[in-house]
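Chemist:
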Amino acid sequence: MSGLNQVVEFAGPRMAAYKSSRGPPAWLLVTSPQRYRSSCRVGRHLGTRLTPILLATRPLSYFAGQSTPSHLAAYHRVRPYSTWTDFSSAEATFSAEDIHFLNRLAESSSGLSGASQNGDGYTPTHHEVFLERRKAERWNAEPPDTLNEPTVPTDNIHELFRKALGAMQRRDSRELLASLKKITVLPENELVDAVDAFPRTAFSEFLRFLDPFQIGRDNDPTRGVAIGAGMWQILSLGAVVDEWGTRILYTTLLRQMLILMRALHSNGQRLNINDYLPLFRAAGLTSDVSVTQLLWNQMVEHEISYWRNSITYDEFMKARFLTEPAYTGYDKSHLMMTPRNLHRQAGTYLIASVSRLDNLRKNIRRRKFKFGLNRNRNVAEDLSRLMRKRLPPTRLFFYMRIHGLRMTHNSLCQFIVAFARSGSLRFIQYHILEDYFGISVHKDNRDGEISVKRAFIKTKSTKNPFRPARPPYLPTAKLIDAVVYAYCSNGQLPMAFHIVDFISNKYRIPISPNVWFELLEWAYIMSTPPTSTAWDIAGLSNRIPSRNSVEIIWNTMTAPPYKVQPGFKQYDIFIRALLRLERREEAFVHMREARKIYEYQCTEFETAAFEYASAKSAGINDTKELQAFRRARFLKAYMRQRMNGWCNIFLEKVFRTKDMHDPVATRGIPDFVREWRDVLSNPLRYRIASGFVHLLDPAEVVEKTIFVRDHTVDLAMKRGGRWRVTPMAQKQFRRVSMHALGDLMSTRVDPLDILQGVVPAGRPSQSKRVDKWRAWENAQVAEQQEETAPEGDIWDDEEY
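FYI, UniProt numbering numbers position 285 of the sequence shown as 285, with every residue one higher than the one before it.
(1) Check whether the segment 353-365 and the segment 220-232 are in contact - that is, three or more C-beta pairs closer than 8 Å.
(2) Do you know offhand how far residue 83's Cα is from residue 208's?
(3) Starting from the N-terminal side, write out each stretch of the beta strand (DSSP E) that is 3 residues or longer and does not extend beyond the segment 188-256.
(4) May I ask you to verify whether the segment 385-397 touches the segment 295-303, counting CB pairs closer than 8 Å and requiring at least 3?
(5) If you check the beta carbons only, do residue 210 and residue 235 fall under 9 Å apart?
(6) Taking residue 651 and residue 686 to be in contact with their CB atoms under 8 Å, please state how far apart those CB atoms are, rounded to whole angstroms.
(7) For the segment 686-714, which segments carrying the beta strand (DSSP E) assignment without a break, of at least 3 residues, lie completely within its bounds, in sequence order?
(8) Curious, which full-length alpha helix (DSSP H) runs of at least 4 residues does the segment 447-535 contain?
(9) Would the beta-carbon of residue 314 fall within 9 Å of that of residue 414?
(10) Our contact map puts residue 257 next to residue 285 with C-beta atoms below 8 Å; I'd like the distance itself, whole angstroms only.
(11) Starting from residue 628, follow the alpha helix (DSSP H) in both directions and report where the run begins and ends.
(12) Measure the C-alpha to C-alpha separation of residue 91 and residue 201 and round it to an integer number of angstroms.
(13) Buried or exposed: where does residue 553 fall if 16 or more other Cβ atoms within 10 Å of its Cβ makes it buried?
(14) Can you round the beta-carbon distance between residue 657 and residue 689 to whole angstroms, since I take them to be within the 8 Å contact cut?
(15) Quick one, which of 668, 645, 709 and 599 has its alpha-carbon nearest residue 680's?
(16) In terms of DSSP beta bridges, what is residue 725 paired with?
(17) State the DSSP-derived secondary structure class of residue 172, mapped to helix, strand or coil.
(18) What do you get for residue 661, buried or exposed, if any count of 16 or more other CB atoms within 10 angstroms of its CB means buried?
(19) Does DSSP put residue 380 in a helix, in a strand, or in coil?
(20) Which residues bound the alpha helix (DSSP H) around residue 311?
(21) If we ignore side chains and look at the alpha-carbon of each, how far apart do residue 445 and residue 435 end up?
(22) I'd like the list of long-range same chain contacts for residue 473, defined as Cβ closer than 6 Å, with 5 residues on each side in sequence excluded.
(23) Among 593, 620, 633 and 196, which has the Cα closest to the Cα of residue 607?
(24) Leaving aside the five residues before and after residue 453 along the sequence, list all residues of the same chain whose C-beta is less than 6 Å from its C-beta, in chain order.
(25) Quick check on the DSSP output: the beta strand (DSSP E) that includes residue 440 runs from which residue to which?
(26) Any contact between the segment 616-627 and the segment 554-572? By contact I mean 3 or more CB pairs, one from each, below 8 Å.
(27) Can you tell me the Cβ-Cβ gap for residue 484 and residue 515, rounded? I've got them flagged as a contact below 8 Å.
(28) I'd like to know whether the C-beta of residue 430 is nearer than 9 Å to at least one C-beta of chain C.
(29) Whose C-alpha, out of 643, 757, 477 and 198, is nearest the C-alpha of residue 673?
(30) Expressed to the nearest angstrom, what Euclidean distance is found between the alpha-carbon atoms of residue 593 and residue 639?
(31) On a CA-only basis, which of 570, 231, 546 and 547 is nearest residue 557? Give me that one, please.
(32) CB-CB under 6 Å to residue 487, same chain, minus the five flanking residues each way: which ones, in chain order?
(33) In whole angstroms, what is the alpha-carbon distance linking residue 31 and residue 195?
(34) Would you mind reading off the limits of the alpha helix (DSSP H) that contains residue 809?
(35) Classify residue 683 as buried or exposed, calling it buried when 16 or more other Cβ atoms lie within 10 Å of its own Cβ.
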């Protein structure tokens with residue numbers, strides 16, 4: 001035992017792990033703490049002597065289903081504080097009372113599942129009553145009467161946990177979320193008792209099954225799709241996405257997981273290192289950096305920070321710097337580098353340029369509500385503004401290098417994206433690409449020529465003898481993805497092209513379709529307003545791609561030897577780029593090709609609707625059918641909304657009639673309306689030389705736009721050299737249409753009614769709050785001259 005110099009609590013008082021100076025332990029020893037006199041006053045295990053009892057090779061959470069460690073886990077659950085043995089004996093292990101209790105626990109199947117200590121005719125000893133009173137005094141609570149009252153929750157709470165465990169075994173995340181919702185709304189004292197009766201290893205498995213990515217694959221029909229403020233209102237997605245642009249599913253899941261964690265801490269227990277991983281993922285999916293930092297600091301307070309490994313650091317970096325696409329809501333514009341964030345970071349702009357950039361930022365914010373903002377600030381702070389600081393990623397990078405933490409390939413890719421958030425492209429070039437991958441990138445400032453080649457000792461930019469002479473990693477497809485994001489988000493598309501081409505040719509790594517799709521999307525974002533306008537104001541027009549850059553990438557990826565088959569999203573980008581160039585005929589061709597994808601999705605939606613209706617009428621478990629129906633319905637509405645946008649651009653900008661007898665007005669527009677009738681708005685309005693034309697189809701449901709509520713965003717603006725908070729009012733609307741998705745998450749929706757085009761009636765789906773329902777009701781009164789709903793309206797308590 002002389003080589004073991006430190007003790008770190010891992011899973012509770014009965015599980016202690018030793019670590020040596022060489023790193024994390026390979027063996028865990030279950031010990032029996034013994035009291036002896038010590039002058040130490042800080043630390044839970046200081047002043048105790050540890051005697052080895054059991055030798056194990058895995059943490060406690062790995063022993064689920066095995067006999068002896070499970071018994072110890074149940075013992076730790078029922079008896080959360082240690083039983084002190086003979087103080088004078090240094091070799092004493094368990095007392096006779098402990099051995100008797102462990103034997104009864106091993107023989108009793110009810111004890112392993114959290115049965116009462118008073119059950120099965122067992123009478124607790126006075127020593128156990130003393131320990132319970134000691135625990136109650138520690139947490140400032142009334143000591144329970146252990147001799148007369150059971151310490152476990154009621155049968156109702158047991159039933160909730162039983163349903164949750166059954167859903168875990170069946171991998172039914174829908175039922176699990178329903179049980180979790182009922183569990184987390186319990187009174188705090190009942191929830192604490194319920195968690196105390198829950199086996200500790202099962203609690204870890206419970207958190208692991210609540211992994212947000214796994215829950216999202218089954219219960220988030222909008223996964224993989226960026227939902228902007230416009231789509232949020234047109235499709236009435238308030239039941240899925242909140243006003244901050246994050247999925248309500250993940251914000252609710254994070255809150256429920258934190259409630260369970262607080263209940264666990266109230267019992268004197270703590271999370272192990274693996275239990276923090278799903279919490280990091282949930283915090284990242286809600287774009288809440290503050291929660292991520294609090295969880296990271298909590299590891300230090302609970303003395304488990306030593307057990308951080310490369311996986312823990314990777315998950316922390318993803319959540320802290322929002323490096324995953326899902327952590328930004330799949331919207332690249334939220335965290336890309338903007339010229340305003342580069343002010344006084346990579347240079348200083350003129351005062352007039354800064355003022356124009358602030359005005360542009362204000363106009364953009366006027367259309368985006370709170371999407372992409374930091375929810376922990378009273379004023380409107382963009383997440384990109386929060387990520388612009390270079391010190392946090394730099395400090396973490398050198399901390400890992402100085403303390404000898406292994407820099408994995410995945411960690412380096414996460415660091416590339418993190419440094420790209422702050423515009424630190426030189427750091428990426430010198431300290432990551434050269435040191436770890438042997439790639440040298442150089443750009444001549446005189447003629448702008450870019451050269452990418454292998455980095456040797458003589459070609460490395462920094463002559464540092466401590467830098468590795470040979471790169472430890474070879475480039476992979478994941479590195480290509482990180483490089484594309486890092487350079488394209490900073491407006492360096494040509495440099496990204498050169499690096500991708502070098503890696504692909506030198507190391508024979510094929511360019512995946514996802515890389516082409518990323519390049520296509522970044523080229524469109526950077527070449528169109530407002531991004532191109534911002535770079536032009538800042539005097540960095542060299543970062544704006546050419547107007548035909550999207551077409552060049554499209555032609556390259558669809559031609560041999562790549563022959564990439566684009567999806568609907570890529571068609572959407574390319575068609576909008578062509579419409580911006582007013583190339584009507586080419587846009588028509590690709591619109592018809594994209595329409596085939598939409599028609600196929602309509603077929604998938606009809607199939608999913610009939611399967612869900614059949615399963616629902618048969619009375620069987622319809623979870624999978626419901627999930628497929630929601631996903632197909634959302635994709636169908638999403639594609640139709642994007643196609644409706646193409647048609648609006650045609651009618652507003654492309655079809656510009658010159659006189660009353662213009663062939664475009666007399667033949668072009670009527671033919672266009674006849675062909676795209678199913679995706680056009682009803683009523684339809686467009687302009688010709690003599691005025692406006694209104695078309696109404698009485699056979700279809702008339703779409704209406706109604707007012708929901710007012711938003712006020714406090715925007716910080718710099719005026720006269722001083723920062724001032726400017727309140728900005730915004731009006732939120734919603735579209736009442738047969739294509740709206742206000743009841744997307746409802747389980748009371750009849751799929752056959754949706755197929756027939758029945759407009760969902762009742763309360764708006766933008767929120768479940770009563771004030772929004774009142775706004776909806778007032779708008780209905782103005783339209784239909786009906787009475788306002790009474791104060792005790794049934795919609796106040798209905799949940800979708």
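Built from N, CA and C at the ideal position, the CB exists for glycine as well.
Modeler: Checking against the coordinates, here is how it stands:
(1) With contact defined as three or more Cβ pairs closer than 8 Å, the segment 353-365 and the segment 220-232 are not in contact.
(2) Bear in mind that a pLDDT of 30 at residue 83, under 50, signals an unreliable position, so the model cannot answer this.
(3) Runs of the beta strand (DSSP E) inside the segment 188-256: none found.
(4) With a cut-off of 8 Å, the segment 295-303 and the segment 385-397 do not count as touching, because too few Cβ pairs lie within range.
(5) No, Cβ-Cβ distance for residue 210 and residue 235 is not below 9 Å.
(6) That belief holds up - the Cβ atoms of residue 651 and residue 686 are roughly 4 Å apart, short of 8 Å.
(7) Qualifying beta strand (DSSP E) stretches, in chain order: 691-695.
(8) Complete alpha helix (DSSP H) runs here, min 4: 477-488, 493-506 and 513-527.
(9) Less than 9 Å separates the beta-carbon of residue 314 from that of residue 414.
(10) Rounded, the Cβ-Cβ distance is 12 Å, inconsistent with contact.
(11) The continuous alpha helix (DSSP H) containing residue 628 extends over residues 623-649.
(12) Because residue 91 carries a pLDDT of 35, less than 50, the predicted location of this residue cannot be relied on, and no value is offered for it.
(13) It counts as buried.
(14) Correct: roughly 5 Å between the Cβ atoms.
(15) Cα-wise, what sits closest to residue 680 is 645.
(16) For residue 725, which the question treats as bridged, DSSP gives the partners 716.
(17) DSSP places residue 172 in coil when its eight states are reduced to three.
(18) So residue 661 counts as exposed.
(19) In the structure shown, residue 380 sits in a strand (DSSP, three-state: E or B).
(20) Start and end: 310-321.
(21) Going by the C-alpha atoms only, they are around 23 Å apart.
(22) So the list reads 409, 436 and 437, once near-sequence residues are dropped.
(23) Checking every option, the nearest Cα to that of residue 607 belongs to 633.
(24) Counting only Cβ-Cβ distances below 6 Å, and skipping sequence neighbours, we find 440.
(25) DSSP places residue 440 in the uninterrupted beta strand (DSSP E) bounded by 439-443.
(26) Judged by Cβ distances under 8 Å, the segment 616-627 makes no contact with the segment 554-572, as fewer than three pairs qualify.
(27) Correct: roughly 6 Å between the Cβ atoms.
(28) The chain labelled as chain C is not found in the depicted structure, where only one protein chain is given.
(29) Checked all of 643, 757, 477 and 198; the closest Cα to residue 673 is 643.
(30) When the Cα atoms are used, residue 593 and residue 639 turn out to be separated by approximately 13 Å.
(31) Between residue 557 and the set 570, 231, 546 and 547, the nearest pair of CA atoms involves 570.
(32) Once the five neighbours on either side are set aside, the close Cβ partners of residue 487 are 495 and 496.
(33) Legend: pLDDT at residue 31 = 34, less than 50; position of this residue unreliable, no value from coordinates given.
(34) It is not possible to answer for residue 809, since the shown part of the chain is limited to 1 through 800.
(35) Burial check for residue 683: the Cβ neighbour count within 10 Å stays below 16, so the residue is exposed.
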